[in-house]
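Residue numbers (full-length UniProt numbering): 1 to 258.
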């Protein structure tokens, strides 16, 4: 029997902005950049986000408030490097383009949603979700966050949820991440997670180039096609004909890690 909506209680919702004082390990792109999506990205404007869910279990886990606080501060440090993930996906009616807006105004108004939640059935039930041979994807769906305003542009592109079991909340925790597929592919997503992991361990300030792969280039100008404008317009008419309203057409791509 899987979890239902009333078995996951939201404890708090905060928002994270990039911490620009954390690291200058890699040079950043122009903060005022507004990047037009390529015709390849346009396929994903109306698809669900990439979602990943991680379970951590063991007697050595710190208390939940420490875990949540550490993940929040390290996320802010990582967003300083992966600045486009703190921006917005937006529609420009005059041109008909969908763009990734990571300008200072977009970043400050969008921010990344950070949800703290509680799994009411308790720690053993949360462990069973991770350990069952046949994963209950319906139950997993309540442990990953929704992207706010995903049905209408502009919309944020990244959200995080940290869930503890009811009771003392010790021993096991689930971390869910949602990222809009029009902004990043699977490889870029894992690069972001590696940087976030390094930041949460406190390794980001001491890392040197070579310790971590450089962040992916989010600029789409290298993707060229002689009929790019025509292809982009055709794909958007096909996939999202009601822009700026977006109807999600595909099921979420939900992955699970133990």
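The beta-carbon is built from N, C-alpha and C at its ideal position, and this holds for glycine as well.
Residues sharing a beta bridge with residue i, DSSP
i	result
residue 97	92
residue 156	88
residue 113	15, 159
residue 34	101
Where the alpha helix (DSSP H) containing residue i begins and where it ends
i	result
residue 80	64 to 81
residue 87	It is not in any alpha helix (DSSP H) - residue 87 carries neither H nor E in the DSSP assignment.
residue 40	Taken as a continuous stretch (DSSP letters only), residue 40 belongs to no alpha helix (DSSP H), as it is neither H nor E.
residue 235	228 to 239
residue 138	137 to 140
residue 189	186 to 200
residue 182	Looking at the DSSP string, residue 182 is not in any alpha helix (DSSP H), and its letter there is neither H nor E.
residue 329	Examination of residue 329 is not possible in this model, given that the chain is present from 1 through 258 alone.
DSSP three-state assignment for residue i, whether helix, strand or coil
i	result
residue 245	strand
residue 165	strand
residue 118	strand
residue 7	helix
residue 143	helix
residue 150	coil
Assumed close pair residue i, residue j - CB separation to whole angstroms, cut-off 8 Å
i	j	result
residue 240	residue 45	5 Å
residue 177	residue 157	Not quite, the Cβ-Cβ distance comes to about 12 Å (not below 8 Å), so this is no contact.
residue 82	residue 195	7 Å
Cutoff 8 Å: residue i Cβ touching any chain D Cβ
i	result
residue 158	Reference to chain D is not applicable here, since this structure consists of a single protein chain.
> So, do the stretch 53 to 70 and the stretch 240 to 249 have three or more beta carbon pairs nearer to each other than 8 Å?
Replying inline: With a cut-off of 8 Å, the stretch 240 to 249 and the stretch 53 to 70 do not count as touching, because too few Cβ pairs lie within range.
>> If contact is defined by three or more beta carbon pairs under 8 Å, each pair taking one atom from either stretch, is the stretch 6 to 16 in contact with the stretch 106 to 119?
In response: Verdict: yes, contact present.
> If you pair each beta-carbon of the stretch 189 to 197 with each one of the stretch 212 to 230, do three or more pairs fall below 8 Å?
Replying inline: Verdict: yes, contact present.
> At a cut of 8 Å, does the stretch 121 to 135 reach the stretch 61 to 71 through at least three beta carbon pairs?
Replying inline: Touching, no.
> Hey, is the stretch 34 to 41 in contact with the stretch 137 to 145, meaning 3+ C-beta pairs nearer than 8 Å?
Replying inline: Taking one beta carbon from each stretch, the stretch 34 to 41 and the stretch 137 to 145 have fewer than 3 pairs nearer than 8 Å; the two do not touch.
>> Whether or not the stretch 82 to 93 and the stretch 101 to 109 are in contact is what I'm after, with contact meaning three or more pairs of Cβ atoms, one per stretch, closer than 8 Å; do they touch?
In response: Yes: the two stretches touch, three or more of their Cβ pairs being nearer than 8 Å.
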